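When you line the sequence shown up against the working numbering, it's residues 139 to 209, in that order. Virtual Cβ for every residue (Gly too), placed ideally from N, Cα, C. The structure displayed is predicted, hence computed values, not measured ones.
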Amino acid sequence: MNISPAIVECYLLIRPEKISWLRFILEGYDGLAILTTISAASGLVRLQTLAPRFDETMHLVDALAGDLTQF
């Protein structure tokens, strides 16, 4: 029996002009996460990753937070 890992998703509010930059960074980490824009105007994005890669994804987002944050 083959059981797939769960998908974990979280929502982030980032600077709108950084959405494509974050997507570009994530694409460099093949298969790490998928970024979907929910609202380009407000900078709301959804990040989806597999449960086993969640910590790795959050460490990367944390390292980039200074460039992404609106506040």
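Applying the 10 Å Cβ sphere with the 16-neighbour rule, what's the burial state of residue i?
i: Gly-181; result: buried
i: Ala-203; result: exposed
Report the residue from the options whose alpha carbon sits nearest the alpha carbon of residue i.
i: Tyr-149; options: Asp-205, Ser-177, His-197 and Glu-194; result: Ser-177
i: Gly-169; options: Ala-179, Thr-175, Thr-195 and Arg-184; result: Thr-195
How many whole angstroms separate the CB atoms of residue i and residue j, which I take to be in contact at a CB cut-off of 8 Å?
i: Leu-198; j: Ile-152; result: Actually they are not in contact, since the Cβ atoms of Leu-198 and Ile-152 sit about 13 Å apart, beyond 8 Å.
i: Ile-157; j: Val-183; result: 6 Å
If I measure Cβ to Cβ from residue i and keep anything under 6 Å in the same chain, skipping five residues before and after, which residues do I get?
i: Val-146; result: Thr-187, Ala-189 and Phe-192
i: Trp-159; result: none
i: Tyr-167; result: none
Excluding the five sequence neighbours on either side, which residues of its own chain have a C-beta within less than 7 Å of the C-beta of residue i, listed in chain order?
i: Leu-164; result: Leu-170, Ala-171 and Leu-173
i: Pro-143; result: Leu-188, Ala-189 and Pro-190
By Cβ distance, which residues of its chain are closer than 8 Å to residue i, with the 5 residues on each side in sequence left out?
i: Pro-154; result: Ala-178, Ala-179, Ser-180 and Gly-181
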